[in-house]
Amino acid sequence: FIQVYAEEIMLSEQAKGTILVFRDVTAETEVDRMKSELVSTVSHELRTPLSSIYGFTELMLKRKLDPERNKRYLQTIHDESKRLTDLVSDFLNVQRMESGKHSYDKEVFDLIDTVREQTRFYQASTEQHRLQLDVDENHEFLIHADKNSMKQLLGNLLHNAIKYSPDGGDVVISLTHHHNQIELSVRDFGLGIPSSAMPHLFSKFYRVDNSDSRKIGGTGLGLSICKEIVRAHDGNIDVESILGEGTVFKVLLPSVSDTLIEMN
Ligand code: ADP
Numbered sequence: 416f417i418q419v420y421a422e423e424i425m426l427s428e429q430a431k432g433t434i435l436v437f438r439d440v441t442a443e444t445e446v447d448r449m450k451s452e453l454v455s456t457v458s459h460e461l462r463t464p465l466s467s468i469y470g471f472t473e474l475m476l477k478r479k480l481d482p483e484r485n486k487r488y489l490q491t492i493h494d495e496s497k498r499l500t501d502l503v504s505d506f507l508n509v510q511r512m513e514s515g516k517h518s519y520d521k522e523v524f525d526l527i528d529t530v531r532e533q534t535r536f537y538q539a540s541t542e543q544h545r546l547q548l549d550v551d552e553n554h555e556f557l558i559h560a561d562k563n564s565m566k567q568l569l570g571n572l573l574h575n576a577i578k579y580s581p582d583g584g585d586v587v588i589s590l591t592h593h594h595n596q597i598e599l600s601v602r603d604f605g606l607g608i609p610s611s612a613m614p615h616l617f618s619k620f621y622r623v624d625n626s627d628s629r630k631i632g633g634t635g636l637g638l639s640i641c642k643e644i645v646r647a648h649d650g651n652i653d654v655e656s657i658l659g660e661g662t663v664f665k666v667l668l669p670s671v672s673d674t675l676i677e678m679n
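Per full-length UniProt numbering, the sequence shown runs over residues 416 to 679.
Structural data, given as structure tokens:
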């Protein structure tokens with residue numbers, strides 16, 4: 416974004432002119448955008464669970480409730496507190512990653528184990544979706560990486576695939592070798608993403624601004640965390656999507672070749 420100022424100058428009767436000042440305000444515009452998205456995230460994502468916790472605790476304190484209703488209210492309070500805890504840890508995570516304070520404990524392991532574990536975990540969270548693994552069982556997918564970060568990376572992608580397929584459906588997770596890289600992809604057949612949103616998807620606090628996404632809720636931090644994790648592992652993350660048809664996120668990570676392991 417370029418801001419232009421024009422100013423007339425007059426040095427003498429003969430020497431008149433105009434000065435044009437061009438200023439690159441891309442950085443300021445980006446900061447403004449992030450600020451306003453942060454405000455809308457905080458106002459929605461913090462206020463909604465907080466007011467529900469406040470409301471239910473007040474009801475429980477003031478009224479004598481039957482055990483069934485008591486349990487239901489407690490469950491809501493519990494779920495909303497969990498939502499707030501997750502939100503705060505996302506904030507802290509991005510903060511730590513960006514300041515370079517986050518430490519990655521890297522080791523060599525087979526990514527298929529993490530993929531299996533996370534697929535099982537997220538499958539247990541939904542009955543509407545079918546999570547399918549598409550992997551060549553004869554291959555190893557060895558990477559040198561931080562296991563927890565890989566869990567978080569895949570977790571965020573699976574969570575989104577499920578969340579943004581509100582009518583249910585398949586989610587396909589695949590692992591393949593590409594020369595000396597491993598490609599991990601998560602494909603869904605859900606809402607899809609408008610092409611205008613594509614350049615901003617991995618920015619902090621960015622959320623697609625349409626009624627579907629707003630209804631679903633989120634912080635706009637998940638994908639920025641994914642991007643940071645992938646960067647810290649010398650990889651790459653990309654997305655392809657067709658609005659109304661579905662989305663695929665593809666992550667490329669350097670693979671550890673067998674020879675390298677033998678050498679160590
Ligand atoms: P959040 O889901 O908390 O809003 P993310 O950073 O994970 O934040 O995602 C940013 C935005 O990208 C989301 O708000 C959503 O609009 C869009 N998005 C991410 N994953 C998908 C997906 N699988 N299908 C459709 N839209 C998606």
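Where is the CB? At the ideal position from N, CA and C, for every residue including glycine. All values derive from a computational prediction rather than experimental measurement.
CB residue 668 to CB residue 649, shorter than 9 Å? A Cβ-Cβ contact shorter than 9 Å links residue 668 with residue 649.
DSSP bridge partner residues for residue 580 (one or two, in chain order): DSSP, once it has assigned bridges, lists no residue as partnering residue 580.
Paired residues, beta bridge with residue 585 - DSSP: DSSP output for residue 585 lists 545 as bridge partner(s).
State the CB to CB distance for the pair residue 573 and residue 666, rounded to an integer number of angstroms; the pair is presumed to be in contact (CB under 8 Å). Taking C-beta atoms under 8 Å as the contact rule, residue 573 and residue 666 fail to qualify, at a distance of about 12 Å.
By the 10 Å Cβ neighbour count, where 16 or more other Cβ atoms means buried, how is residue 512 classified, buried or exposed? So residue 512 counts as buried.
Which residues in the same chain as residue 457 place their Cβ atom closer than 8 Å to its Cβ, once the five residues preceding and following it in sequence are excluded? Once the five neighbours on either side are set aside, residue 457 has no close Cβ partner at all.
Residues sharing a beta bridge with residue 592, DSSP: The bridge partners DSSP lists for residue 592 are 597.
Please report the distance separating the alpha-carbon of residue 536 from that of residue 610. The alpha-carbon atoms of residue 536 and residue 610 are separated by roughly 31 Å.
In whole angstroms, what is the alpha-carbon distance linking residue 505 and residue 423? Straight-line Cα distance between these residues: approximately 51 Å.
Proximity test, residue 650 beta-carbon vs the ligand ZN heavy atom, cut-off 8 Å: The ligand ZN is not part of the structure shown, which contains the ligand ADP as its ligands.
Between residue 580 and residue 589, is the Cβ-Cβ spacing less than 9 Å? Going by C-beta atoms, residue 580 is not nearer than 9 Å to residue 589.
Confirm the yes/no value for this check: CB of residue 570, any heavy atom of the ligand ADP, distance under 8 Å. Residue 570 Cβ: outside cutoff for every heavy atom of the ligand ADP.
Where residue 674 sits in the DSSP three-state scheme: Note that residue 674 scores 47 on pLDDT, short of 50, meaning its location in the model is unreliable; the coordinates nonetheless yield the value given after this. Of the three classes helix, strand and coil, the one that applies to residue 674 here is helix, per DSSP.
Enumerate in chain order the residues of its own chain whose CB-to-CB distance from residue 674 is below 7 Å, with the five nearest sequence positions on each side excluded. Confidence is the limiting factor: at residue 674 the pLDDT is only 47, short of 50, which leaves the residue's position unreliable, though a coordinate-based value still follows. Correct list: empty, nothing qualifies.
On the criterion of 16 or more Cβ atoms from any shown chain inside 10 Å, does residue 534 qualify as buried, or is it exposed? Flag for residue 534 reads buried.
On a CA-only basis, which of 447, 464, 664 and 441 is nearest residue 488? Give me that one, please. Of the candidates 447, 464, 664 and 441, the one whose C-alpha sits nearest the C-alpha of residue 488 is 464.
Do you know offhand how far residue 595's Cα is from residue 619's? Each residue's alpha carbon lies about 30 Å from the other.
Nearest-angstrom beta carbon gap, residue 445 and residue 632 [assumed within contact, 8 Å]: Their Cβ separation, rounded to whole angstroms, is 24 Å, which puts residue 632 and residue 445 out of contact at 8 Å.
For residue 539, which beta-bridge partners are listed by DSSP? Residue 539 is not bridged to any residue.
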